[in-house]
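Have a look at the structure below, then the notes.
Next comes the structure, spelled out in structure tokens:
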């Protein structure tokens, strides 16, 4: 109806009150593409009558919509536009909001120094606000700080910032605004407690968020609360409950077109169905996860390029118009980059290499894993039709497996059932049967057990390993995926890597 209204009255100029009302209605639309179309028209109307508040509100909701559908490149462009406009209008509220949007984009693009700088600037500007505007702004800033600490894996500080954010949310006097903020904050608190493996507290706050979202009754709020509930149960290894809530939220997320949430849902559902032995659903969600991952990677590459260019533009704006100062600025920048690169090279060499492998080869990894799982399942189905292996052949393969273990060849990320079978001069069915019979597991379970035994032995006998990052330990024992390593480690030892290390340090 709103779209038809705009098409009919496109040439008409609206009064500020009408513009404010239209923005409010458009921001509540479930279809974000339709919302973007309408609010863009409203922005143009605001520009025609030079209505500053209308332009700023329009830009703010456009940024939120573009963020939600995964177009962060456009969100970055509009966030900078909102920042410039709010500073010209001397509107501190929208200046803080623009800085918060930028900080989130910088964090998602791994520009951590820029993120911290922007958050501190937002905190400084927020001191000019009063009442609910101040409480909402500062609550959001500390919420963003919490998310940033989560990215850096600083879990205790993450929880501290979330608790500070909650205190500001509770001070908001407007009930509707307070409820909206509390849904988001309770969901964040649940995530922090999940990261600290305090599942009871995580479930407690997730339920609070879900209860409040039902009172608000908007698609986005409901989707966020249901998604948070599913993630909480997934982190607590309560697969049945996690699947239930993921199935409830999936249609909403598809309708809202949120690519990041879709990828998480597909990946988690795939992993849970694999654990449950449901091959059919595993294949369905694993395929969807791969497709969504490919799509998200394209958008992430565009965003990273845009942020890099934006940072360079910002640095150029800070320089004087004179050529020699611009050259000096670039020279200083290059010196700083070289200095910090040399200083951090040794310490972060392994982590940077892992990140490079992840960025360049993650698509191939997904395809390889999918192919490997299919190959293993096919080989296991065919085991009943394989002829009995002679004792001589069986002993020969067992000797080769023992030699394979002694040489620690299982640490290679390129290892697969077919590659080992080829090296052993046998077929995958024979080799799979030998592993199943003598190792009492399938190929993946066999390799994962060897890798986890290797890294736990290193942690017990080499104290320096206790100080290494989890990502490095994953790569050291042959895992290319950080999250997969953590899941397998917990399956094998009953503890996460961080808890295992903490236990060893206390001995």
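In my numbering, the protein residues as written are 1 to 507.
Just so it is clear, CB atoms sit at the ideal spot from N, CA and C, and this is done for glycine as well.
Each of 238, 218, 261 was checked against the Cα of residue 227, and the nearest Cα belongs to 261. Burial state of residue 57 is buried, judged by a 10 Å Cβ sphere holding 16 or more other Cβ atoms. Apart from sequence neighbours up to five positions away, the residues of its chain that approach residue 135 with a beta-carbon distance below 6 Å are 168, 171, 172, ordered along the chain. By the CB criterion at 7 Å, residue 78 and residue 102 fall outside the cutoff. In this structure, residue 409 and residue 480 do not form a Cβ contact; the two beta carbons are roughly 16 Å apart against a cut-off of 8 Å. In this structure, residue 139 places its C-beta atom within 7 Å of the C-beta atom of residue 165.
Between the region 230-247 and the region 179-194, the count of Cβ pairs shorter than 8 Å is three or higher; the stretches touch. Apart from the 5 residues on each side of it in sequence, residue 447 sits with its Cβ closer than 7 Å to the Cβ of 410, 415 in its chain, given in chain order. Per DSSP, the continuous alpha helix (DSSP H) segment holding residue 137 begins and ends at 131-151.
Considering only 152, 426, 263, the residue with the shortest C-alpha distance to residue 297 is 263.
C-alpha of residue 44 to C-alpha of residue 52: approximately 11 Å in a straight line. Out of 120, 497, 293, the CA that lies nearest to the CA of residue 95 is found in 120. Ranking 74, 70, 455, 97 by CA distance to the CA of residue 83 puts 97 first. Around the beta carbon of residue 12, a 10 Å sphere encloses fewer than 16 other beta carbons of the protein chains shown; the residue is thus reported as exposed. Here DSSP, grouped into helix, strand and coil, assigns residue 264 to helix. Exclusion of the five residues before and after residue 219 leaves 30, 252, 255, 256 as the residues of its chain whose Cβ lies within less than 8 Å of its Cβ.
Rounded to the nearest angstrom, the gap between the Cα atoms of residue 466 and residue 498 is 9 Å. Residue 480 sits in coil when the DSSP states are folded into three classes, being neither helix nor strand. Of the other Cβ atoms in all chains shown, 16 or more fall within 10 Å of the Cβ of residue 76; this residue is therefore buried. Scanning 398, 484, 277, 64 for the CA closest to the CA of residue 433 turns up 398.
Within its own chain, the residues whose Cβ lies closer than 6 Å to the Cβ of residue 69, once the five positions on either side in sequence are excluded, are 32, 257, listed in chain order. With distances taken between CA atoms, residue 242 lies nearest to 273 out of 221, 273, 472, 215. In the three-state DSSP reduction, residue 29 falls in the coil class, being neither helix nor strand. Counting along the chain, the unbroken alpha helix (DSSP H) around residue 232 starts and ends at 219-235.
Cα atoms of residue 285 and residue 487: separation of roughly 18 Å, rounded to the nearest angstrom. In terms of Cβ geometry, residue 19 and residue 54 form a close pair [threshold 7 Å].
Going by C-alpha positions, residue 42 is about 25 Å away from residue 217. Between the alpha carbons of residue 407 and residue 464 lies a distance of about 23 Å. Assignment of residue 60 by DSSP, reduced to helix, strand and coil, places it in the helix class. In the structure shown, residue 289 falls within a helical segment according to DSSP collapsed to helix, strand and coil. Taking residue 23 as the centre and dropping the five residues before and after it, the same chain places the C-beta of 39, 42, 54, 57, 58, 61 closer than 8 Å to its C-beta, in chain order.
In this structure, residue 115 places its C-beta atom within 7 Å of the C-beta atom of residue 107.
Apart from the 5 residues on each side of it in sequence, residue 215 sits with its Cβ closer than 7 Å to the Cβ of 179 in its chain, given in chain order.
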